[in-house]
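In the working numbering, the protein residues as written are 746 to 1361.
Ideal placement from N, C-alpha and C gives every residue a C-beta, glycine not left out.
Read the structure below first, then the notes.
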């Protein structure tokens, strides 16, 4: 570990390493054993090999079997329901073409499901969203279990897809693995303008047609949504972990570089990128405690999605590493906020990219000792190579031919969007851990105005987000209020995101009321400027304290002190009866639109702070 690493970053990493020693050691032992085997087509029976190559061109069969050429497994989340994943349709052909030119082969090992939270928000389908992460991980395992591969490429971008692919890949940690992004859509209607129309619609000032026009102007073509939610936070974290070709996260699908960068991913995973040979490390070796901490720091420095306080706990566990919310909290105390990207500001990810993007942030954090510089990445230059941005340059002596080149993302280009470590937007990270007699939760303080970091108001308890919306429409919330929405955790209904609550709560706050949300559900990066204590653990369905709250209880959410509590005498609170989820609601939340198939996952899900894992 570098001596220049910040003491807190070093201490947190040491504590993670110490508590993970047994699990991590066993994980690495298993990888070493698997890596010691013969390659697939030599190890497997003749019938197995014949099945594996029956569907590929004859020349590729010869390469795999006779020439023992490297064979890349492609795991793709392509579908055209997700604008971010639609560009992947042609990627396998590009990858196979590039692999052949390098004397290798590639096969689509399998596809994984990919649902769009934007489509399912506020619907029963959203209750499958969190658990789709583990389904994706299992689907990745099914694909790679064909066990004919010497390396892997992961094609995925959005919310649950990248964590799922990463968890699955880490269970095949003996394989060198590179993630291949597709990029954000060009900027449309700004996120702030879109939010304003949503608030107007919540008040009945804009009809369905006007709202539909605004939404379609915002989400208008191929690519990731342009706000800095879970999908784009995924891409930032993959850059910080060194799992991409450097600087590829936010290059748009229509950019001339996109295909070249995809080809570079093939060269990278085969160890043929750059001028000197470099063996791309197995992903399970590369993703160690330092790598995980680098991702956590990048999340905090950019005010990224709170979903990653669940997902990266699960990702780390897949590599035999144990992290918790205390680790995030300790890092947040020393990691400065270096970006203002919606919902933390008005800029979108395209403006972030133009202002230096992930490369600028990584460069600042590494130089300040806030990220570990001595980590393995998929490139020979290590993490410092990810402080650069790519571009196309004319190939010397070749008419019309272009090659990739990288230049430093520094110096600073737009202080309204990115800042240096010496002059941050905030001295601490964008996330805060809250604890008290209501349990443990997190809040995204980077998007909340300073005068709203402390809210004290009477509770109004709801058993669903629909019930809150109904109360808002009826005018029952025109006052200072802490809205408690329970039965939204993993064991209750799969822990859906509650984005439908942002417009009504924003309207109330806009009228001057002191408003907050407290829930065992999720809110991610779209909570806007509303103080929201989310992921409350233990959840109400597991007998957590939220099940004790009653209408009128005085609740204090204090993001300055880091507390979340009901202001009642200790003995009175201890004696309070714990409510239970009604059988009618449990049946309603467990049936329809495939929810019956996820009953086992709800039953086995760990708490949010334990990653909501269903596979442990």
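Residue i - partner residues in DSSP beta bridges
i            : result
residue 1301 : 1201, 1310
residue 1228 : 1205, 1262
residue 925  : 900
residue 1277 : 1262
residue 1282 : 1185
residue 818  : 852, 897
residue 1133 : 1153
residue 957  : Residue 957 pairs with nothing; no bridge assigned.
residue 809  : None; residue 809 has no bridge partner.
residue 1084 : 1163
residue 969  : 929
residue 1242 : 1267
residue 1092 : 1086
Residue from the options with nearest C-alpha to residue i
i            : options                : result
residue 1061 : 908, 818, 1327         : 908
residue 1323 : 1266, 1183, 763, 1358  : 1183
residue 1117 : 1040, 1175, 1064, 1165 : 1040
residue 1163 : 1173, 1032, 1086       : 1086
residue 1275 : 1196, 1134, 768, 1327  : 1196
residue 1093 : 938, 1355, 949, 1025   : 938
residue 1108 : 987, 1018, 1017        : 987
residue 1337 : 883, 760, 871, 843     : 871
residue 904  : 874, 1001, 887, 1181   : 874
residue 1124 : 1298, 1026, 913        : 1026
residue 1134 : 930, 879, 1098         : 1098
residue 1306 : 1181, 1227, 1089       : 1181
residue 1193 : 1096, 1288, 1206, 1176 : 1176
residue 1019 : 1126, 931, 985         : 1126
residue 1213 : 1243, 1239, 1235       : 1243
residue 935  : 1096, 752, 1014        : 1096
residue 998  : 1268, 833, 1171        : 833
Nonlocal neighbours in the same chain, by C-beta distance under 7 Å from residue i, ignoring five residues either side
i            : result
residue 981  : 994, 1043, 1047, 1049, 1103
residue 951  : 942, 945
residue 926  : 902, 980, 989, 993, 994
residue 750  : 1114, 1117
residue 855  : 820, 884, 887, 888
residue 721  : The chain is shown only over 746 to 1361; residue 721 falls outside these bounds and no answer can be derived.
residue 976  : 829, 902, 903, 904, 969, 970
residue 1147 : 1137, 1138, 1139, 1140
residue 824  : 830, 859
Chain-order list of residues whose beta-carbon lies under 8 Å from that of residue i (same chain, five-residue window excluded)
i            : result
residue 863  : 964, 970
residue 747  : Low per-residue confidence applies at residue 747: pLDDT is 48, beneath 50, and the placement is therefore not dependable, though the value from the model is reported in the following sentence. 1114, 1117, 1118, 1119, listed in sequence order.
residue 1064 : 769, 772, 915, 918, 1029, 1032, 1033, 1037
residue 839  : 1004, 1007, 1008
residue 1002 : 996, 1135, 1136, 1137, 1149
residue 1254 : 1197, 1260, 1274, 1275
residue 1014 : 817, 896, 897, 898, 921, 922, 923, 1025, 1123
Neighbourhood of residue i by C-beta, 6 Å cutoff - its chain only, sequence neighbours within 5 removed
i            : result
residue 917  : 889
residue 1285 : 1231, 1232, 1265, 1291, 1292
residue 841  : 851
residue 1074 : 1178
residue 797  : 893
residue 947  : 1248, 1249, 1252
residue 805  : 850
residue 867  : 1245
residue 913  : 882, 885, 886
residue 785  : 892, 893
residue 759  : none
residue 1341 : none
residue 1185 : 1282
residue 1294 : 1204, 1206, 1229
Runs of beta strand (DSSP E) wholly within the segment 1137-1218 (minimum 3 residues, chain order): Every beta strand (DSSP E) of 3 residues or more that sits fully in the segment 1137-1218 is shown, in chain order, as 1147-1153, 1176-1181, 1184-1189, 1199-1207.
Taking only runs that begin and end inside the segment 836-896, name each unbroken alpha helix (DSSP H) of 4 or more residues, in chain order. 836-846, 862-865, 874-889
When you compare the segment 1252-1269 with the segment 1218-1225, are there three or more beta-carbon pairs, one atom per stretch, that lie closer than 8 Å? yes
Identify every run of the alpha helix (DSSP H) within the segment 750-807, keeping only runs that are complete inside it and at least 4 residues long; order them along the chain. 752-780, 785-788, 791-798
Could you tell me whether the segment 1199-1219 touches the segment 1302-1321, using the rule of 3 or more Cβ pairs below 8 Å? yes
Give the list of continuous alpha helix (DSSP H) stretches no shorter than 4 residues that lie fully inside the segment 985-1043. Correct list: 1002-1014, 1028-1031.
Sufficient close CB pairs (3 or more, under 8 Å) joining the segment 1208-1222 to the segment 1347-1355: no
At least three beta-carbon pairs within less than 8 Å, the segment 1051-1070 to the segment 938-957: no
Given 8 Å, three or more beta-carbon pairs between the segment 1062-1070 and the segment 758-767: yes
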